[in-house]
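Top to bottom, those sequences are chains H and G. Quick note on numbering: the first sequence equals residues 781 to 892 in the numbering used here. Quick note on numbering: the second sequence equals residues 3 to 114 in the numbering used here. Even for Gly, the Cβ is constructed at its ideal location relative to N, Cα and C. Each remark here refers to the structure printed beneath this line.
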Amino acid sequence: QQKVQQSPESLIVPEGGMASLNCTSSDRNVDYFWWYRQHSGKSPKMLMSIFSNGEKEEGRFTVHLNKASLHTSLHIRDSQPSDSALYLCAASNPAGGYKVVFGSGTRLLVSP
Amino acid sequence: DMKVTQMPRYLIKRMGENVLLECGQDMSHETMYWYRQDPGLGLQLIYISYDVDSNSEGDIPKGYRVSRKKREHFSLILDSAKTNQTSVYFCASSSGTAETLYFGSGTRLTVL
Numbered sequence: 781q782q783k784v785q786q787s788p789e790s791l792i793v794p795e796g797g798m799a800s801l802n803c804t805s806s807d808r809n810v811d812y813f814w815w816y817r818q819h820s821g822k823s824p825k826m827l828m829s830i831f832s833n834g835e836k837e838e839g840r841f842t843v844h845l846n847k848a849s850l851h852t853s854l855h856i857r858d859s860q861p862s863d864s865a866l867y868l869c870a871a872s873n874p875a876g877g878y879k880v881v882f883g884s885g886t887r888l889l890v891s892p
Numbered sequence: 003d004m005k006v007t008q009m010p011r012y013l014i015k016r017m018g019e020n021v022l023l024e025c026g027q028d029m030s031h032e033t034m035y036w037y038r039q040d041p042g043l044g045l046q047l048i049y050i051s052y053d054v055d056s057n058s059e060g061d062i063p064k065g066y067r068v069s070r071k072k073r074e075h076f077s078l079i080l081d082s083a084k085t086n087q088t089s090v091y092f093c094a095s096s097s098g099t100a101e102t103l104y105f106g107s108g109t110r111l112t113v114l
């Protein structure tokens, strides 16, 4: 059974600071990674996807992927109180029927 | 406007009762999912459906079954609900494998 491990479990950063979140898959055949954001009481929404080695930037958000180590990270610069949420990493393995498996999440709190 | 609709939003049942959770999407997406979310456990995949009558077990299928007779509609059935099935259930859909998941607003199920 594929596992997706996220760290840290929770994170507090000051407003304007940098938040760094980590995610690793235990399945060597994983090919696709996503980051979803879930505000309290709401449903998850896709934030960023990354399928190739390297880095991808969208506004204040940057995601990295190292396929050799099956590790992805999400970095949020100039963090805002509205970024406070549960961040979920998801991974999918084509050989596993493309089932999308989620980690347990990192709860981010941005303090004003 | 892309939408995944879940009914009902809140549901209280007694142990041993049957439960039907319904999900619809208006995007003609092929793939649909049922997840449950418990504190500290992220999203756990119950079932995935690749199209009408093409369903596959996820990581925690025991105690659940699904039905998909129309592409836009995917149901989750709990026969004789148990107290440990108290959870928030999310339905999601995607346009294919390795694509973004769009989530419904969730059903909070309490089994007494």
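Are any of the Cβ atoms in chain G nearer than 8 Å to that of H/Tyr867? no
Extent of the continuous beta strand (DSSP E) to which G/Thr88 belongs: Neither: G/Thr88 is in no beta strand (DSSP E) and is coded neither H nor E.
Using a beta-carbon distance below 8 Å, is G/Phe92 in contact with chain H? yes
Please name the residue, chosen from G/Phe105, G/Tyr35, G/Gln27 and G/Met29, that lies closest to G/Tyr66 on a Cα-to-Cα basis. G/Tyr35
Using a Cβ-Cβ distance cut-off of 8 Å, determine whether H/Ser872 contacts chain G. yes
Output, in chain order, the set of chain H residues within a Cβ distance shorter than 8 Å of G/Thr102. Trp814, Met826 and Ser829
Contact residues within the region 874-892 of chain H, judged by C-beta distance below 8 Å to chain G: Pro874, Gly877, Tyr878, Lys879, Val880, Val881, Phe882, Gly883, Ser884 and Gly885
If you draw a straight line from the alpha carbon of G/Tyr52 to that of H/Ser862, how long is it in whole angstroms? 35 Å
Using a Cβ-Cβ cutoff of less than 7 Å, which residues in the same chain neighbour G/Met9 once the five nearest sequence positions on both sides are dropped? Glu24
DSSP three-state call for G/Gly65: helix, strand or coil? coil
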